[in-house]
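Peer 1: Chains as they are written, first to last, in the working numbering: chain D, 1 to 142; chain S, 1001 to 1142.
Number of protein chains: 2
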Amino acid sequence: MTAGKTPGMEPEKASARLRTAGLRPTRQRVALADLLFRQGDRHVTAESLHGEAKAVGCKVSLATVYNTLHQFTEVGLLQQVVVEAARFYFDTNLGDHQHFYDEEDGALTDIPAGTIAVSGVPAPPEGTQIARVDVVVRITRN
Amino acid sequence: MTAGKTPGMEPEKASARLRTAGLRPTRQRVALADLLFRQGDRHVTAESLHGEAKAVGCKVSLATVYNTLHQFTEVGLLQQVVVEAARFYFDTNLGDHQHFYDEEDGALTDIPAGTIAVSGVPAPPEGTQIARVDVVVRITRN
DNA sequence: ATAGCTGCAAATGCTTTGCAAGGCC
DNA sequence: GGCCTTGCAAAGCATTTGCAGCTAT
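1. Can you find the residues in the same chain that come closer than 6 angstroms, C-beta to C-beta, to S/GLU1126, ignoring five residues on each side of it along the sequence?
2. Residues in the stretch 14 to 28 of chain D with C-beta within 9 angstroms of chain S's C-beta atoms, listed in sequence order?
3. To which residues of the same chain is D/VAL135 closer than 7 angstroms at the C-beta, ignoring the five residues directly before and after it?
4. Does DSSP put S/ALA1003 in a helix, in a strand, or in coil?
5. If we cut at 8 angstroms on Cβ distances, does D/THR45 have a partner in chain S?
6. Label D/THR20 either buried or exposed according to how many other C-beta atoms from any shown protein chain fall within 10 Å of its C-beta, with 16 as the threshold for buried.
7. Reducing DSSP to helix, strand and coil, say where S/ARG1038 ends up.
8. Does chain S have any CB closer than 8 angstroms to the CB of D/ASN142?
9. Excluding the 5 residues flanking D/PRO124 on each side, which residues of the same chain have their C-beta closer than 7 angstroms to its C-beta?
10. Is the stretch 79 to 97 of chain D touching the stretch 1075 to 1095 of chain S in the sense that three or more CB pairs, one from each, lie closer than 8 angstroms?
11. Mind checking the stretch 71 to 88 of chain D against chain S and listing, in chain order, the residues whose C-beta falls within less than 9 angstroms of any C-beta there?
12. Would D/ARG29 be called buried (16 or more neighbouring beta carbons within 10 Å of its own) or exposed?
13. So, with DSSP's three-state summary, where would you put S/LEU1108?
14. In the structure shown, what three-state DSSP assignment does S/VAL1056 receive?
15. Between S/ALA1014 and S/ASP1041, is the Cβ-Cβ spacing less than 8 angstroms?
16. Just list the residues that DSSP pairs S/PHE1100 with in beta bridges.
17. State yes or no: is the beta carbon of D/LEU94 nearer than 8 angstroms to at least one beta carbon in chain S?
18. Less than 8 angstroms between the beta carbons of D/LEU69 and S/PHE1088, yes or no?
19. Since D/THR64 meets chain S, which of its residues come closer than 8 angstroms, beta carbon to beta carbon?
20. Check each residue of the stretch 1120 to 1135 of chain S: if its Cβ is closer than 7 angstroms to any Cβ of chain D, include it; give the result in chain order.
21. Taking S/ARG1027 as the reference, which of S/ARG1038, S/PHE1037 and S/GLU1012 has the closest Cα?
22. Work out the CA separation of D/PRO25 and D/LEU177 for me, nearest whole Å.
23. If you count every other CB in all the chains shown that lies within 10 Å of the CB of D/LEU23, and 16 or more means buried, which is it?
24. Check each candidate in D/VAL83, D/GLU47, D/THR64 and D/ASN67 and name the one with the smallest Cα separation from S/ASP1102.
25. Put D/ARG132 into one of helix, strand or coil per three-state DSSP.
26. Taking D/VAL56 as the query, report the chain S residues whose CB atoms sit under 7 angstroms from its CB, ordered along the chain.
27. According to DSSP, simplified to helix, strand and coil, what is S/VAL1065?
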């Protein structure tokens, strides 16, 4: 067992990145940053990252993983991807249209079909087909 | 106050629509369909529709509203719109790229920046600005 | 020394489920 | 009559919160 050892081999890089972002490089944050950024582009959820941390012997609570992911997002180290509905919105407009979504008040506004064009959609991975292409234009108040 | 009266004035139309879709036109479904489809395009959540139903004096349980909205969606009377994250996915790729999302296993795959182009995005409503434009290509297994 | 972090457990909010009673064909 | 629906209350899940104790600077 290697529990207790530093999980990564380049914690300094992670530390520096955190410092630059204005975050205190705590053991937990360094370990999570190391997991996130050592490998190339990747997608994680709070749970999956928590699992990885445990797997490399780093004790972190799930709550801290959530905090850390949000902090990293705030300082621009990560991006969030929205693909599953937390709250279900239903639309009586069945056409192939898109939406403005006001993140502050949750308001949804139609963008009529034919206004927005999406081009260059690549072929889907083998064995799959495109069910639909969702476009959400997120807006905020000035 | 008109509480207690039939909420809609064209329940027959709603009834017919339900029958065509293969759904039994129960009092609750007719009332909800009537609320949904009488007016033009609209967006609702389970809660907002439940509130409307109560407001016009129709007793429906929230569970039934959920069931009904899902059934309507299955038969193509409604479309779901995904704008809020139920489960948070975080991406270490900060570029302006898009994603394939496999609805069956939850897998997320990057579509490299520069592959997809979105054109014709209209000006945002007054007093707002575009924070970002999300594109999700939803795929299913063949 | 001290402001900031972490971890635990309880709480939250939306959605789903199980099951008995009721309604539509 | 028989199968589908409804309604209630309890359960489920991911995420958030409150607070006491710990830690980096």
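Each residue gets a CB set at the ideal place from its N, CA and C atoms; glycine is no exception. Keep in mind the model is a prediction, meaning the values are calculated, not measured.
Peer 2: So, from the listed chains and residues:
1. Around S/GLU1126: no qualifying Cβ.
2. Of all residues in the stretch 14 to 28 of chain D, none is placed with a Cβ closer than 9 angstroms to any Cβ belonging to chain S.
3. Closer than 7 angstroms at Cβ, skipping near neighbours: GLN98, ILE116 and VAL118.
4. Reliability of the predicted coordinates at S/ALA1003 is poor, the pLDDT of 38 falling under 50, and the value obtained from them is presented with this limitation in mind. The answer is coil: DSSP assigns S/ALA1003 none of H, G, I, E or B.
5. Answer yes: the Cβ-Cβ gap between D/THR45 and chain S drops below 8 angstroms somewhere.
6. D/THR20 comes out exposed.
7. In the three-state DSSP reduction, S/ARG1038 falls in the helix class (H, G or I).
8. Yes, because at least one Cβ of chain S sits closer than 8 angstroms to the Cβ of D/ASN142.
9. Answer for D/PRO124: ILE130, listed in chain order.
10. Counting Cβ pairs under 8 angstroms, three or more are found: they touch.
11. Result list: PHE72, THR73, GLY76, LEU77, LEU78, GLN79, GLN80, VAL81, VAL82, VAL83, GLU84, ALA85, ALA86, ARG87 and PHE88.
12. Answer is buried; the Cβ neighbour count reaches 16.
13. Here S/LEU1108 sits in strand by DSSP.
14. The answer is coil: DSSP assigns S/VAL1056 none of H, G, I, E or B.
15. Taking C-beta atoms as the reference points, S/ALA1014 and S/ASP1041 fail to come closer than 8 angstroms.
16. DSSP, once it has assigned bridges, lists S/THR1109 and S/VAL1137 as partnering S/PHE1100.
17. Yes, its Cβ sits closer than 8 angstroms to a Cβ of chain S.
18. Yes, they are a contact pair.
19. Residues of chain S passing the Cβ test: none, with the nearest at roughly 15 angstroms.
20. Answer set for the stretch 1120 to 1135 of chain S: GLY1120, VAL1121, PRO1122, PRO1124, PRO1125, GLY1127, THR1128, GLN1129, ILE1130, ALA1131, ARG1132, VAL1133, ASP1134 and VAL1135.
21. The option with the nearest alpha carbon to S/ARG1027 is S/GLU1012.
22. This structure gives no information on residue 177 of chain D, because the portion of chain D shown stretches from 1 to 142.
23. Around the Cβ of D/LEU23, a 10 Å sphere holds 16 or more other Cβ atoms; the residue is buried.
24. Proximity to S/ASP1102 across D/VAL83, D/GLU47, D/THR64 and D/ASN67 peaks at D/VAL83, based on C-alpha coordinates.
25. Secondary structure at D/ARG132: strand, using DSSP grouped into helix, strand and coil.
26. Ordered by position in chain S, no residue passes the 7 angstroms Cβ test against D/VAL56, which lies about 17 angstroms from the chain.
27. It is helical.
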